[in-house]
Amino acid sequence: MENHYRLQKILENVIGNIKKQDFLVYFRKISILATPGNKVVFGVLSGFMKDNLEAKFYATLLSAAKKELGEEIETIEFKVDPEIENPSNSEVIDCAGFYKSASKKSVTSKAKKQSLETITRKNSNNRYTLDNFIVGGDNQLAYSACEAVAKNPGKSYNPLYIYGDVGLGKTHLLQAAGNKIGETFKGHNVVYTTADKFITEYVSAVKKRSIERLREKYRGVDVLIIDDVQFLQKKEQTQNELYNIFNILYDSNKQIIISGDRAPRELTELEPRLRSRFEWGITVDIGRPDFETRLAIIQEKARAKEFLIPHDVAEFIAANVTENIRELEWVLNQLIMEYELTGQTPVLNKVAAQLKKLSFTTDILWDTKNQSIKKASIKSYEDILDRVSEHFGIEKEGILGPNRRKEFMVPRQVSMYLLKTKMNYTYERIGNIFSGRNHASVLYSCNKLQKLIKKDAMLLHEVNVIREEIWL
Ligand code: ADP
Ligand code: MG
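Be aware that the sequence shown starts at 423, since it is given in the numbering used here, and climbs by one per residue.
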């Protein structure tokens, strides 16, 4: 319990220093696992939470720990706590509830409140920053590389080359790194451009015979960021110009950050000497974020726009819009627009119907009967039996028992067939569930149903309806 008290103090301090939504999104559930020596080990929900807390709130938490537990605290650490979801674990603090009671308790002075509000407003514009980039497994490396480069431009990785499919955050990271460098190193001349823009600039300079001016401009930069270099392919002259600029900047330790839609070696229409220079530093790819990351991104984007999105709607979008974060944002923006027009908070079934129309939903079904989303996959044979018995309107016991009347036989065969073909149960296991029938009898039933549905379209339809209902 002592740790619990310590944790409370630390979190109270943290709440005063970060945004509410950040606290709710990133902290969720937390515990103190141990305090060996001068260290505090925090227990967190998942590897995902660990990565984000480390990346974003290490300093905040460390300073809170120092303030509350004493300056002798030197480091903190995060570990996944397997007991964190255990309801009887009294060491865990659920941050949502904690925030509510803490904010009631604290009589924040007006001045402090105001300064907090200004901070929130200041951060709520849509600028790309490292802080509002959500870190998940597949973009962790790209994020860390940008962070390192922003701390030590020209010194850690040069050039930094980030590649990946569209809408996965390349531009966000590049601009965030540029912004960060601009803030930290006041005198630095940071130039962000896209390959497209660079081509236009070059072509127009050639036309206007002002190529020297262009060269001067680029030779004077401290950080050169070029987005989407795949568009330089086949533009030999522009490539040549960039090659020279690259060499000059590189030789004087100026940072270069590049993005492309594929690895440098796959930019086959790019001059080999430029291609190989892109590989001189570090190349990192950025992948599709997982469900948890997508959910956190939606929440972050909604927060930035001060839009309260219901949790189930956020989850639904995150589960269905999986390929591209720009699309994810687009869907969210549609909801916000609609909210602004109608004043109605989005509700799950409407959002589901809309997404379905836009054919985003691929693997999640809308259950018209229960007016809810079927997102959990089947967990046990009980789920199948429940649905089959409900569908045919007979008791489960009838399906499981020995009765050989047709009204029981068919549902029994359907259940066995689904367990075998869709859930990979063994014949033995199925036999055990069905009053200890033997292997051969289960095998016979499964084959029998297979034959029946080949001939009987109605029955096939029924099996498919059940499958759809239980999402098999
Ligand atoms: P790309 O340049 O790779 O095509 P963008 O950087 O334009 O992708 O990303 C598309 C949108 O998705 C941007 O608005 C960006 O802010 C957002 N985005 C992508 N990944 C993340 C992330 N991990 N955290 C927050 N926003 C993200
Ligand atoms: Mg981009």
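In this text, a Cβ means the ideal position worked out from N, Cα and C, and glycines have one as well. As the structure is a prediction and not an experimental result, all values here were calculated from the model.
Item: Beta-carbon separation (whole angstroms), Glu714 vs Phe470, contact threshold 8 Å; Value: 5 Å
Item: Nearest-angstrom Cα separation, counted from Thr660 out to Lys522; Value: 57 Å
Item: Top-ranked residue by Cα proximity to Arg889, from Leu840, Ser863, Leu467, Gln835; Value: Leu840
Item: Status (buried if at least 16 other CB within 10 Å, exposed otherwise) for Asn574; Value: exposed
Item: Ile648 versus Asn742 - alpha carbon distance; Value: 32 Å
Item: Any non-hydrogen atom of the ligand MG closer than 7 Å to Thr615 Cβ; Value: no
Item: Nearest residue (CA-CA) to Ile806, options Asn825, Arg834, Phe830; Value: Arg834
Item: Nearest to Phe738 (by Cα), restricted to the options Lys727, Ile720, Arg748, Glu728; Value: Ile720
Item: For Phe464, three-class secondary structure by DSSP; Value: strand
Item: Tyr849, DSSP secondary structure in three states; Value: helix
Item: DSSP three-state assignment for Gln443, whether helix, strand or coil; Value: helix
Item: 8 Å CB neighbourhood of Asp683 in its chain, flanking five on each side removed; Value: Tyr585, Gly586, Asp587, Val588, Asp650, Gln652
Item: Leu484 to Thr615 span [Cα, whole Å]; Value: 37 Å
Item: Beta-carbon spacing of Val836, Ile852 below 8 Å; Value: no
Item: Nearest residue (CA-CA) to Phe814, options Tyr803, Ser802, Lys828; Value: Lys828
Item: Option in Gly459, Glu490, Val436, Asn511 with minimal Cα separation from Gly465; Value: Asn511
Item: Secondary structure of Thr616, DSSP reduced to three states; Value: strand
Item: Proximity below 8 Å, CB of Tyr579 to CB of Gly709; Value: no
Item: CA nearest to the CA of Glu476, picked from Glu499, Ile495, Lys489; Value: Glu499
Item: Cβ-heavy atom distance, Asp649 to the ligand MG, below 7 Å; Value: yes
Item: Span of the alpha helix (DSSP H) around Gln835; Value: 828 to 843
Item: Those runs of the alpha helix (DSSP H) which lie wholly inside the segment 716 to 744 and span at least 4 residues; Value: 733 to 742
Item: Tyr665 Cβ short of 7 Å to the ligand ADP heavy atom set; Value: no
Item: Where the alpha helix (DSSP H) containing Gly709 begins and where it ends; Value: From DSSP, Gly709 is part of no alpha helix (DSSP H); its letter is neither H nor E.
Item: Secondary structure of Ala648, DSSP reduced to three states; Value: Residue identity check: residue 648 is Ile in the sequence provided, not Ala. DSSP places Ile648 in strand when its eight states are reduced to three.
Item: Rounded separation between Glu507 and Pro581 - CA only; Value: 43 Å
Item: According to DSSP, residues forming a beta bridge with Gln677; Value: Val645
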